[in-house]
Structures are given as C-alpha cells and as structure tokens.
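One structure below.
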Amino acid sequence: MNILNEIKKEKGQSLVLFTLMMVVFLGLSAIVIDIGMITVSKAKIQNAADSAALAGAMELPDNPSMAITVAQEYVELNGKPGDIVNVTIGDDNQSITVTISRKNAMSFAKILGTNESTVTADATARVGVAASVPWIVPFVIPKPDYFDYDKVYVMRMYGAGAYLDYPDTGYPRNYNYPSDYRTHPVYKNYPLSSRYPYQFDYMNVYIKKNTNFNDYIYWLEYGYHETFAINDNMYYLGPSSGGRESVDAFARRVSRDPNTDYKKAKVGDSRVMLIPIVESMLKRNTSTRGDVPVKIIGFVGFFIEKVHKNSYSESFWFEGRFLENLNIGSGEVTFDTDADFGLRAIKLVD
C-alpha cells in the first residue's frame with residue numbers, strides 16, 4: 000500500500016510540474032509569436048515611413064506644404080486605419096521627417112495580461128546636390144560663372160571654326176551666325192563679336208569605351224541608363240555636331256513632349272536633358288581616339304524649347320533653359336556648393 004501511495008504521490012507531483020511547464024511554455028510561445036508579429040509590423044511601418052519621406056521630399060525645397068500632403072497621402076495608401084502619422088519639414092525646407100505609430104493587438108500575450116503593443120518608426124529624407132545621375136546625354140558643357148535660370152540660353156553656338164579653351168580665349172574665327180539667329184527679335188541684339196553669357200557650346204564624349212555611332216544617337220535621344228558620378232571621367236569624342244542624325248535626335252525629343260512650360264518640366268520628360276559639366280572646353284583638334292579624359296564636376300538639367308534645324312551642319316542650333324532645383328529622385332547627394340548647378344537628389348539619412 001505504501002508503494003502505491005508513493006507512486007500516486009509522484010504522479011501528482013509530475014502532473015503539477017508538467018502543468019507549470021506548459022504554462023511557462025505557452026507563455027514563452029506567446030511572447031515569441033507576438034514579438035514576431037511586432038517585428039513584422041515594425042518593418043512594414045518603417046518601409047512606409049521611408050517611402051513616404053522619399054515621396055514627400057520630391058516636392059522640396061520649393062513646396063513644403065505639398066511635401067507634407069504627399070507624405071501623408073502616401074502613408075494613407077500604404078498604411079492601416081488607425082496609424083498615427085506626423086510629418087515635419089526642416090527649417091531650411093531641405094528635409095522631411097515622417098513618423099508613424101501603430102497599435103498592434105496581442106494574440107497569445109493576452110494570457111499574460113498584455114492586450115496591445117505600440118510600435119513606432121521614423122524616416123528622414125534630405126534634399127542635396129545630385130552627386131550621381133542616370134540618363135545623361137553623351138555630351139558635356141563647360142562650367143559657367145553662374146546659371147541664370149530665368150533666361151533663355153542658346154546651345155551649340157560656335158559650332159564651327161577653331162577656338163581654344165572656352166570661355167577664356169574667345170570664339171571661332173570667321174564664324175557666321177545662322178541667319179535665323181541674326182534676325183531673331185531677341186538674339187539679333189546680342190553682340191556677335193564678343194562672348195555673350197547666354198550662349199553655349201558642348202563637346203561630345205564617349206560614355207563607354209566601345210561607343211559606336213548608333214549608341215551615341217540613341218543616348219542623345221533617350222539618355223544613358225547607367226549612373227555617372229561627380230569625379231568620374233568621360234573621354235573626348237569630338238566637338239558639337241550638326242549632322243542630320245544628331246539634329247533629328249534633338250528634334251525628336253521636342254516632338255515627343257507636349258509640355259512647353261519649363262516650369263512644369265520633370266525628369267523623364269523627353270525635352271529634359273541631364274548634362275554633365277566639366278571645367279572647360281578642349282581644343283577642337285583634341286584626339287578623338289577616346290584617350291583624353293574629361294572629369295565630371297557636376298550635373299545640370301536643360302529644357303529644350305525649340306530646335307532650329309535649318310540646313311543642319313553649321314546652321315543648326317537650339318534654345319532652352321537650365322532648370323533650377325530639378326529633382327531626379329533617390330540618389331547619392333553632396334552638399335558641396337561648388338558642385339551645385341541646380342540638379343537635386345534625395346537620400347534617406349539617419
């Protein structure tokens with residue numbers, strides 16, 4: 000009898016111990032499951048905050064109120080009802096911070112007395128000078144003293160004749176301006192014998208070592224898909240060209256884009272060209288074998304308003320405007336004022 004009693008006693012103790020272990024196990028399981036749910040929820044609202052900040056930053060620095068609206072709308076579309084959203088703009092209108100808080104109902108943790116948990120995520124996107132840019136054209140322009148974003152610029156002037164190191168040493172010898180330029184109601188008043196600040200020429204470059212003519216024409220019309228950065232080298236291909244294929248590529252950019260208002264221009268519009276900037280022009284007799292590097296010091300956006308084909312060659316020119324605070328979207332940024340030519344990028348910061 001004593002033996003049976005001892006056995007029953009041990010069974011009772013084992014049952015109690017098993018019950019206690021199950022309680023602990025279920026409690027730990029509840030914690031693990033709910034921690035996993037919280038982790039997933041945190042990741043989702045972090046992604047939403049990141050995306051909302053980047054979307055809102057596209058409106059900076061010009062339209063901070065719209066930046067807030069865009070960020071809030073983005074969270075509404077990608078978040079959940081009940082999310083608490085706070086959006087703030089930096090004092091300099093160059094940054095936006097999005098904070099999202101979400102309450103999560105606990106599942107198994109309720110047995111431990113915890114009914115809900117709040118997770119919070121925040122993201123800050125800052126606007127800076129674009130330090131790396133995709134979709135560039137296969138030509139470069141020289142660094143100006145400054146860009147006047149309120150003026151129309153004439154591009155591809157001095158497309159013929161010999162000149163050295165623009166803009167320091169002057170102009171083509173024996174250059175005849177196109178007739179429609181000389182009779183233009185505005186441009187005819189520009190001095191023809193000395194440099195005018197709103198006239199530019201450009202140099203063609205090899206984007207890739209094995210660039211062929213068809214590649215060049217395609218990239219002239221559509222841009223090159225890979226990214227180039229400040230301090231990257233490109234290689235001299237030749238002076239600006241008035242050949243039929245090149246001129247027609249510029250013209251097709253204009254014909255595809257119905258927008259004629261540069262103030263509404265955005266990256267991706269066919270009239271908008273993203274142009275690398277270099278220190279100065281090279282001599283027109285520079286080697287065209289692709290062995291002469293030119294270093295990128297910045298980037299600028301240019302909106303083509305009109306292409307003057309004329310009879311191609313030396314008579315071709317086009318006009319347009321350089322774009323201020325044109326935002327290319329997410330990318331590498333710099334805050335070096337010497338690299339600032341109006342092109343902007345946004346980046347998430349800590």
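Numbering (numbering that gives the first Met the number 0), first residue to last: 0 to 349.
Idealized CB from N, CA, C, for every residue including glycine.
Given the structure is predicted, the values throughout are model-derived calculations rather than measurements.
6 Å Cβ shell around residue i - same chain, five flanking residues per side excluded
{"i": "T226", "result": "S131, P133"}
{"i": "V233", "result": "One point to set straight first is that residue 233 is Met, not Val, in the sequence displayed. Cβ neighbours of M233 beyond the five flanking positions: V204, V293."}
{"i": "S314", "result": "P177"}
{"i": "D167", "result": "Confidence in D167 is poor, its pLDDT being 45 and thus under 50, which makes the residue's placement too unreliable to answer from."}
{"i": "D337", "result": "none"}
{"i": "E331", "result": "A130, S131"}
Sub-9 Å separation of residue i and residue j beta-carbons
{"i": "A124", "j": "L347", "result": "yes"}
{"i": "M202", "j": "G242", "result": "no"}
{"i": "A344", "j": "V139", "result": "no"}
{"i": "N309", "j": "P184", "result": "no"}
{"i": "F387", "j": "F340", "result": "Absent from the model: residue 387. The displayed extent of the chain is 0 to 349, so no value can be given."}
{"i": "Y261", "j": "G222", "result": "no"}
{"i": "I303", "j": "V277", "result": "no"}
{"i": "L53", "j": "N92", "result": "no"}
{"i": "F369", "j": "I274", "result": "This structure leaves residue 369 out entirely; the chain is present only between 0 and 349."}
{"i": "N103", "j": "T117", "result": "yes"}
{"i": "V246", "j": "Y152", "result": "no"}
{"i": "R255", "j": "S269", "result": "yes"}
{"i": "I99", "j": "I83", "result": "yes"}
{"i": "V253", "j": "K305", "result": "yes"}
Residue interval of the beta strand (DSSP E) (run including residue i)
{"i": "P141", "result": "138-141"}
{"i": "V204", "result": "202-205"}
{"i": "R343", "result": "342-348"}
{"i": "I67", "result": "Note, I67: premise wrong, no beta strand (DSSP E); alpha helix (DSSP H) at 63-77."}
{"i": "E329", "result": "Note on identity: in this sequence residue 329 is Ser, with Glu being the wrong assignment. Segment 325-329, the beta strand (DSSP E) holding S329."}
Residues near residue i by beta carbon distance below 7 Å, same chain, minus five either side
{"i": "A51", "result": "A70, Y73, V74, V97"}
{"i": "T333", "result": "G127, V128, A130, I229"}
{"i": "D61", "result": "N324"}
{"i": "H224", "result": "P133, W134"}
For residue i: DSSP bridge partner residues
{"i": "W316", "result": "H307"}
{"i": "S94", "result": "R125"}
{"i": "Q198", "result": "V153"}
{"i": "G234", "result": "In the sequence as presented, Gly is not what sits at residue 234; that position holds Tyr. Y234 is bridged to Y205, P292."}
Close-in-space but distant-in-sequence residues of the same chain around residue i (CB under 8 Å, 5 per side omitted)
{"i": "R155", "result": "F199, D200, Y201, S239, G241, F315, W316, F317"}
{"i": "V291", "result": "Y234, Y235, L281, T285"}
Chain B within 9 Å of residue i, Cβ atoms only
{"i": "S178", "result": "Any reference to chain B falls outside this structure, which holds one protein chain only."}
Enclosing alpha helix (DSSP H) for residue i [first to last residue]
{"i": "N85", "result": "Premise fails: N85 lies in the beta strand (DSSP E), 83-88, not in any alpha helix (DSSP H)."}
{"i": "I216", "result": "212-221"}
{"i": "S269", "result": "No alpha helix (DSSP H) contains S269, which DSSP labels as neither H nor E."}
{"i": "E244", "result": "243-255"}
{"i": "R181", "result": "178-181"}
Can you find at least 3 beta carbon pairs, one from the region 74-91 and one from the region 40-51, that sit closer than 8 Å? Contact between the region 74-91 and the region 40-51 is present, because at least three Cβ pairs lie under 8 Å.
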